[in-house]
Amino acid sequence: MPDKKTFRGGVHPLHRSHEGKAPTRDKPVREYAADTVTILMGMHLGAPSTPCVKKGDLVKMGQVIGEPVGFLGLPVHASVSGEVVDVGPVQTVGAVPGMAVTIKNDFADEWVDTLEPLGNVEKCDKDKIVPAIKNAGICGMGGASFPTHVKFAVKEGQYCDTIILNGAECETHLTADHRLMLEHSVRIVDGLRAAMRALDVKKGVIAIEDNKPDAIEAMRKAAEGRLGVEVQPLRTKYPQGGEKQLIHAVTGRQVPTKKLPLDVHVIVLNVGTAAAIADAVIDGKPLISRITTVTGHVKQPSNLRIRIGTMIADVVGECGGYSLEPGKICVGGAMTGLPCPSDLIPLTKANNGVVVYSEAEAAATEETPCIRCGRCVEVCPIGLNPYKLKYLCDADDLKGAEENNVMDCVVCGSCSYICPARRFLTPSFKNTKDKITLEAKKRKGQ
Amino acid sequence: MNLHLSSAPHAHSRESTTVLMLNVIIALIPCVAAGVWYFGYSALITVAVSTASAVLAEFIWQKCARQKVRIGDLSAVVTGIIMGLNLPPQAPWWMAMVGSAFAIIIVKCMFGGIGDNFMNPALLARGVLLASWPVRMTAWQAVTGWNSAVDAVAGATPLVNPSVYTRLDLFLGNVPGTIGEVCKVAILVGFAYLLITKTISWRIPVAMVATTFVFSWIFGKDPVTSILSGGLLFGAVYMATDYVTCPMTARGQIVFAVGAGLLVAVIRNFGNYPEGVTYAILLMNIATPLIDRFVKQPVYGHEKGVRKQNA
Chain A
16 MPDKKTFRGG VHPLHRSHEG KAPTRDKPVR EYAADTVTIL MGMHLGAPST
66 PCVKKGDLVK MGQVIGEPVG FLGLPVHASV SGEVVDVGPV QTVGAVPGMA
116 VTIKNDFADE WVDTLEPLGN VEKCDKDKIV PAIKNAGICG MGGASFPTHV
166 KFAVKEGQYC DTIILNGAEC ETHLTADHRL MLEHSVRIVD GLRAAMRALD
216 VKKGVIAIED NKPDAIEAMR KAAEGRLGVE VQPLRTKYPQ GGEKQLIHAV
266 TGRQVPTKKL PLDVHVIVLN VGTAAAIADA VIDGKPLISR ITTVTGHVKQ
316 PSNLRIRIGT MIADVVGECG GYSLEPGKIC VGGAMTGLPC PSDLIPLTKA
366 NNGVVVYSEA EAAATEETPC IRCGRCVEVC PIGLNPYKLK YLCDADDLKG
416 AEENNVMDCV VCGSCSYICP ARRFLTPSFK NTKDKITLEA KKRKGQ
Chain B
13 MNLHLSSAPH AHSRESTTVL MLNVIIALIP CVAAGVWYFG YSALITVAVS
63 TASAVLAEFI WQKCARQKVR IGDLSAVVTG IIMGLNLPPQ APWWMAMVGS
113 AFAIIIVKCM FGGIGDNFMN PALLARGVLL ASWPVRMTAW QAVTGWNSAV
163 DAVAGATPLV NPSVYTRLDL FLGNVPGTIG EVCKVAILVG FAYLLITKTI
213 SWRIPVAMVA TTFVFSWIFG KDPVTSILSG GLLFGAVYMA TDYVTCPMTA
263 RGQIVFAVGA GLLVAVIRNF GNYPEGVTYA ILLMNIATPL IDRFVKQPVY
313 GHEKGVRKQN A
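As you go down the protein sequences, you meet chains A and B in turn.
Numbers given in the working numbering equal positions in the first sequence, counted from 1, plus 15.
Numbers given in the working numbering equal positions in the second sequence, counted from 1, plus 12.
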């Protein structure tokens, strides 16, 4: 598959500055362990785990410190060895505080065996792969943090014929996946093979945007001779790494509205998730660290392998500190990143980057009247009419917004990015989607 | 540390409304220059008066209506220049003022300001001037050259008597007409600039001119002369592409442009009136909400047969 595939619509943010990736894309990943880590119990989509350690306990690396709760539950593991200094709520990027376990690192890096290593991914018992993924606490590492084992829960009548590894990294600024593909390409392919074997899938596609030719090359080399694994270059365009856009670009299939990728026989995993699966299956190591890009206005933009639960202030300190007074700090890239209320926020399994913006970059823009230029309609990767939806959302017309398919909005930010009138399109759609979901829940409850 | 918490996206395209309007203004410069070259300084004065009146009218309206003054977005400048370029070169200065004031106050501001007018302001104002002062609006000054101070004798518009002018004259603009429409070279230069800066897409101008070409041919006229005559090119490039009054989707824009092109050919060939561009575009402006309502783009995951095709 040498041709570059893509989807309809989309934008090309920061195209004059290599999507903001230039400062970090050539920087090898550096290990970093902070003095203390604050590990959130609710890092994955689903109910937060219950802490099973208390203040004063001594824990080892990989030890379970949070027990899973419910169907979407995942265990949480200690990412350093040392003493538990606090168990309690801390500030998060979200509106509400989250329960967390704070551990003081003794830098002994002493492991405890929590999982059974299964060895070679091609030969191991394939029925043990999905339980290993669950017990390793793996959730989607691209941002949405959906528990990975649940993606493998194939229902009656469903089947999967393709697993796509998402190495598009279409977000601006981020180079974490890029560096992972360069430095751990074999691990990623091992993880993909493990995932394929777990469900007897014949085809695995590693999809990478063509602004990373070195990563495409590295992954091709690693995929050589591996059963059913191929590399698919994609055109550099945002949101190429969006799940729906990726599936359409690679397979030509569209996920029907309100359905999941498995309904079109596809599972999409981030390349980071695949590497975490390989660590869990081959070595029996739970997910306790990840690569994060720290960039923007920091003195030394870097790619760091951080322990889960490292504070933003600590990673910024490791990168030489702020190069100017920050105006906005976001976890994630410029298109979907979440703004942080302070830098005392712990990083989670899903945080692929920290971007620091200056006051000038962060200053609020003024919303001006829509000039009906149609750019939002042109770039919407779903084919919605953002200009029209905005009027409906502003009028709080939930029914009208739903009829105009607001629930299909993937909140990619393309319309807000391109709008010459600087209208707050994406935020109002996100808001309306949340309201509709809440209304539906209320109706169900009655 | 005082951090902003505004939500994503945290990056914006550099093309603001003002930048887009500035692009249009730059693209109009060749037309203004050509008008001055062919008709003299009076053409420049007409355009200057219409532009100043448009900006002033918007300013006064927004002050009186206690609205936020938005003349900084340059949209009134665009309307004013296009209004001026739509006038015959010998039009008196007060006609330029009346046209601009009507365009801005009645057509634009009274319907809600930028983005809310349902017809192209400059074009409707032209329509009103045509109806109010038909003789002054259609008495064409012969081409006199840039330094002429004489009000030369009026000549016939090429649409009435096409055989008088060669195709080359029509293309270069060596013909009577409104200030902006005569020089096709200038219009094409402006069109190229708008395409390069991605201010407009090729769809409406190309589809509209092509449609007029085809139907003029069918109606037995020389199609090349037809598309080079009158205000077709000027209207297709600068007025039919007005964001506010043309459809939002690519398909809708094609429908709009074909409709306008067809109307031009029909009015020119079967109407009482030699020029049809003004009314063709205005009629399609009115049809735009209807087109937007019925011509939609496919929505991901909703297309017919999505499920079947994937099974």
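Ideal Cβ placement from N, Cα and C applies to all residues, glycine included.
Only a predicted model underlies this, so the values are computations on that prediction, with no experimental measurement involved.
Three-state class that DSSP yields for residue 56/A in the structure shown: If you number the first sequence from 1, residue 56/A lands on position 41. Residue 56/A falls in the coil class under three-state DSSP.
- prompt: Taking the alpha-carbon positions, what's the residue 151/B to residue 100/B distance?
  reply: By 1-based counting over the second sequence, the position of residue 151/B is 139. By 1-based counting over the second sequence, the position of residue 100/B is 88. Taking the straight line from one Cα to the other gives about 8 Å.
- prompt: From which residue to which residue does the alpha helix (DSSP H) around residue 107/B run?
  reply: In the second sequence, residue 107/B corresponds to position 95, counting from 1. From DSSP, the alpha helix (DSSP H) with residue 107/B extends over 105 to 113.
query: Under 7 Å Cβ-Cβ, which residues of chain A neighbour residue 126/B?
result: As a position in the second sequence, residue 126/B is number 114, starting the count at 1. The answer, in chain order, is 384, 386.
field: Sufficient close CB pairs (3 or more, under 8 Å) joining the segment 405 to 422 of chain A to the segment 355 to 367 of chain A
entry: no
query: Which residues, in order along the segment 339 to 365 of chain A, keep a beta-carbon less than 9 Å from a beta-carbon of chain B?
result: 340, 341, 342, 343, 344, 345, 347, 348, 349, 350, 351, 352, 353, 354, 355, 356, 357, 358
query: Apart from the five residues on each side of it in sequence, which residues of its chain come closer than 8 Å, Cβ to Cβ, to residue 25/B?
result: For the purposes of this step, residue 25/B is taken as residue 13 along the second sequence, with counting starting at 1. Closer than 8 Å at the Cβ level, and outside the excluded window around residue 25/B, lies no residue.
task: Confirm, please, whether the CB-CB distance from residue 44/A to residue 319/A is below 8 Å.
output: In the first sequence, counting from the first residue as 1, residue 319/A sits at position 304. In the first sequence, counting from the first residue as 1, residue 44/A sits at position 29. Their beta carbons are under 8 Å apart, which means residue 319/A touches residue 44/A by this criterion.
message: So for residue 110/A, helix, strand or coil by DSSP?
response: Position 95 of the first sequence, counted from the first residue, corresponds to residue 110/A. In this structure, residue 110/A counts as coil in the three-state DSSP scheme.
- prompt: Just how far apart, CA to CA, sit residue 225/A and residue 19/A?
  reply: The count along the first sequence starts at 1 and reaches residue 225/A at position 210. The count along the first sequence starts at 1 and reaches residue 19/A at position 4. Each residue's Cα considered, the two are about 8 Å apart.
message: Any beta carbon of chain B sitting closer than 8 Å to that of residue 218/A?
response: Residue numbering aside, residue 218/A sits at position 203 when the first sequence is read from its first letter. With 8 Å as the cut-off, residue 218/A does not count as an interface residue toward chain B.
- request: Pull up the DSSP beta-bridge partners for residue 101/A, would you.
  value: Numbered from 1 along the first sequence, position 86 holds the residue referred to as residue 101/A. According to DSSP, which records beta bridges pairwise, residue 101/A is partnered with 117/A.
message: Residues of chain B with CB closer than 8 Å to the CB of residue 160/A, please, in chain order.
response: The residue given as residue 160/A occupies position 145 in the first sequence. Near residue 160/A there are no residues of chain B at all, since even the closest Cβ is about 16 Å away, more than 8 Å.
message: Below 7 Å on C-beta distance, what does residue 431/A contact in chain B?
response: The residue you call residue 431/A lines up with position 416 of the first sequence. 21, listed in chain order.
message: Only counting the same chain, and skipping five residues up and downstream in sequence, which positions put a Cβ closer than 7 Å to that of residue 432/A?
response: Looking up residue 432/A in the first sequence gives position 417. Counting only Cβ-Cβ distances below 7 Å, and skipping sequence neighbours, we find 26, 28, 350.
field: Proximal residues of chain B, C-beta to C-beta of residue 89/A below 8 Å
entry: Translated into the one-based positions of the first sequence, residue 89/A becomes position 74. The contacting residues do not exist; residue 89/A stays about 25 Å from chain B at best.
Same chain, Cβ closer than 6 Å to residue 131/A, five either side skipped, listed in chain order: Within the first sequence, residue 131/A is the residue found at index 116, counting from 1. Here the set comprises 299.
query: Cβ of residue 289/A within 8 Å of Cβ of residue 344/A?
result: The count along the first sequence starts at 1 and reaches residue 289/A at position 274. The count along the first sequence starts at 1 and reaches residue 344/A at position 329. Going by C-beta atoms, residue 289/A is not nearer than 8 Å to residue 344/A.
message: Distance cutoff 8 Å, beta carbons only. Does residue 50/B sit that close to anything in chain A?
response: Within the second sequence, residue 50/B is the residue found at index 38, counting from 1. By this cut-off, residue 50/B is not an interface position.
field: From 171/A, 430/A, 52/A, 436/A, residue whose alpha carbon lies closest to that of residue 384/A
entry: Stepping through the first sequence from its first residue, residue 384/A is reached at position 369. Of the listed residues, the one whose Cα sits closest to residue 384/A is 436/A.
field: Proximal chain B residues relative to residue 380/A, where beta-carbon distance stays under 8 Å
entry: In the first sequence, residue 380/A corresponds to position 365, counting from 1. Here the neighbours are 24.
Closest by C-alpha distance to residue 294/A, when choosing among 107/A, 450/A, 133/A: Indexing the first sequence from 1 puts residue 294/A at position 279. Ranking the options by Cα distance to residue 294/A, first place goes to 133/A.
- prompt: Can you tell me where the alpha helix (DSSP H) with residue 284/A in it begins and where it stops?
  reply: Reading the first sequence from its first residue, position 269 is the one you call residue 284/A. Per DSSP, residue 284/A belongs to no alpha helix (DSSP H); it is in the beta strand (DSSP E), 281 to 285.
task: Would you mind giving the Cβ-Cβ distance between residue 280/A and residue 395/A, rounded to the nearest angstrom? I have them listed as a contact below 8 Å.
output: If you number the first sequence from 1, residue 280/A lands on position 265. If you number the first sequence from 1, residue 395/A lands on position 380. Not really, about 26 Å apart at Cβ, beyond 8 Å.
- request: Measure the Cβ-Cβ separation of residue 246/B and residue 287/B and say whether it is below 8 Å.
  value: In the second sequence, residue 246/B corresponds to position 234, counting from 1. In the second sequence, residue 287/B corresponds to position 275, counting from 1. No, Cβ-Cβ distance for residue 246/B and residue 287/B is not below 8 Å.
Neighbour list for residue 311/B in chain A, Cβ cutoff strictly below 7 Å: Taking the second sequence and counting its residues from 1, the one referred to as residue 311/B is at position 299. Those are 397, 398, 399, 420, 423, listed as they occur along chain A.
- request: Note down, in chain order, every chain B residue with its Cβ under 7 Å from the Cβ of residue 436/A.
  value: Here residue 436/A refers to the residue found at position 421 of the first sequence. In chain order: 29.
query: For residue 30/A, does the three-state DSSP call read helix, strand or coil?
result: Taking the first sequence and counting its residues from 1, one reaches residue 30/A at position 15. Of the three classes helix, strand and coil, the one that applies to residue 30/A here is helix, per DSSP.
task: State yes or no: is the beta carbon of residue 106/A nearer than 8 Å to at least one beta carbon in chain B?
output: To locate residue 106/A, count along the first sequence from 1; it is residue 91. It does not: the Cβ of residue 106/A has no partner Cβ on chain B nearer than 8 Å.
- request: Check whether the Cβ atoms of residue 144/A and residue 283/A sit closer than 8 Å, and answer yes or no.
  value: Within the first sequence, residue 144/A is the residue found at index 129, counting from 1. Within the first sequence, residue 283/A is the residue found at index 268, counting from 1. No; because the gap between Cβ atoms is not below 8 Å, this pair is not in contact.
message: Within 8 Å of any Cβ in chain A, is that where the Cβ of residue 251/B sits?
response: Start at 1 with the first residue of the second sequence, and residue 251/B comes out as number 239. Not an interface residue.
For residue 164/B, three-class secondary structure by DSSP: Within the second sequence, the letter at position 152 stands for residue 164/B. With a pLDDT of 46 at residue 164/B, under the threshold of 50, the predicted position of this residue should be treated as unreliable, though the coordinate-derived value follows. Three-state DSSP puts residue 164/B in coil, outside helix and strand.
Per-residue burial, residue 12/B [other beta carbons within 10 Å of its own, 16 or more giving buried]: Not covered by the structure: residue 12/B. The range shown for chain B is 13 to 323.
- prompt: Got a sec: is the Cβ-Cβ distance from residue 61/B to anything in chain A below 8 Å?
  reply: In the second sequence, residue 61/B corresponds to position 49, counting from 1. False, the Cβ-Cβ gap to chain A never drops below 8 Å.
- request: Following the continuous alpha helix (DSSP H) through residue 376/A, name the residue where it begins and the one where it ends.
  value: For the purposes of this step, residue 376/A is identified with residue 361 of the first sequence, where counting begins at 1. Per DSSP, residue 376/A belongs to the alpha helix (DSSP H) from 374 to 377.
field: Closer than 9 Å at the beta carbon, the chain A residues around residue 209/B
entry: The sequence position of residue 209/B within the second sequence is 197, counting from 1. None at all; the shortest Cβ gap to chain A is about 12 Å.
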